[in-house]
Amino acid sequence: MYKEKLNFNIQTINFEKINLQRIVKLIINNQNIYIKLPIEVTIKTENKNIYIIGTNKLHLYKIITYIKYQVENFINIKTIYFKGLGFNAKFIRSKLYTSIEFKIGYSNVRHLLFLNNEINIKQKKKSKILSLNSIKLDKLGNYCNKIKNLRKTNTYTGKGFWLKSDSIKLKKFKKK
Numbered sequence: 000m001y002k003e004k005l006n007f008n009i010q011t012i013n014f015e016k017i018n019l020q021r022i023v024k025l026i027i028n029n030q031n032i033y034i035k036l037p038i039e040v041t042i043k044t045e046n047k048n049i050y051i052i053g054t055n056k057l058h059l060y061k062i063i064t065y066i067k068y069q070v071e072n073f074i075n076i077k078t079i080y081f082k083g084l085g086f087n088a089k090f091i092r093s094k095l096y097t098s099i100e101f102k103i104g105y106s107n108v109r110h111l112l113f114l115n116n117e118i119n120i121k122q123k124k125k126s127k128i129l130s131l132n133s134i135k136l137d138k139l140g141n142y143c144n145k146i147k148n149l150r151k152t153n154t155y156t157g158k159g160f161w162l163k164s165d166s167i168k169l170k171k172f173k174k175k
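Under numbering that gives the first Met the number 0, the sequence shown has 167 at position 168, and the numbering climbs by one with no breaks.
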């Protein structure tokens, strides 16, 4: 008998059995993933941890990799680009929230607060690319719009904050 613990960087994860066909519903931060289990594999909870128990080690690891793949691909990711010379972002992190200080021009500084349990924010050093990811798509969209609305984008030069999914159509300058 083999026993493996599911390890995820997620606030709440739970499961419930649907019917006798061995279909299990994983509940991850109020989102559902349905998985059909083989006969040899069972899922149990102990002390707020989820364990997968099975007789065949190969079936066990296949199920674990499948669940990990489903959970990792369940997270929504959006990327924001800063285009412009003076744009910069500086992070101040604590246990509950992350504060970002945006430099938008010479003396224009704006602050935004993000809760750590709702959204995860990453930026490579010295780059002008922010990567936001979250399980909750509505919260992710709201935070992206807050960042995008800090500075109105210039449609002639393309300077401002742009989402990766935005199509950029620049206007032509009028010639005299």
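For each residue, glycine too, the CB sits at the ideal point set by N, CA and C. Computed from a predicted model, the values in this text were never measured in an experiment.
(message) Please state the DSSP three-state secondary structure of residue 152.
(response) Residue 152 falls in the coil class under three-state DSSP.
(message) According to DSSP, residue 4 sits in a beta bridge with which residue or residues?
(response) According to DSSP, residue 4 bridges with 50.
(request) Go to residue 141, then tell me how far its alpha helix (DSSP H) extends in each direction, as first and last residue. (result) Boundaries of the alpha helix (DSSP H) around residue 141: 136-147.
(message) Cutting at 7 Å between CB atoms, please list the residues of its own chain near residue 117, excluding the five before and the five after it.
(response) Cβ neighbours of residue 117 beyond the five flanking positions: 133, 135 and 138.
(message) Let me check understanding here. Comparing Cα to Cα, which of 124, 102, 175 and 26 lies closest to residue 160?
(response) Residue 102 holds the alpha-carbon nearest to the alpha-carbon of residue 160 among 124, 102, 175 and 26.
(message) Tell me which residues share the same chain as residue 153 and place their Cβ nearer than 7 Å to its Cβ, disregarding the 5 neighbours each side in the sequence.
(response) Excluding sequence neighbours, residue 153 sits near 159.
(message) Taking the alpha-carbon of residue 66 as reference, which of 49, 54, 55 and 78 has the nearest alpha-carbon?
(response) With distances taken between Cα atoms, residue 66 lies closest to 49.
(message) Pop quiz: residue 79 and residue 131 are said to be a contact at Cβ under 8 Å. What is the actual Cβ separation, rounded to whole angstroms?
(response) The Cβ separation is near 7 Å, so the contact holds.
(message) Tell me the rounded alpha-carbon separation between residue 106 and residue 76.
(response) Between residue 106 and residue 76, the C-alpha separation is close to 31 Å.
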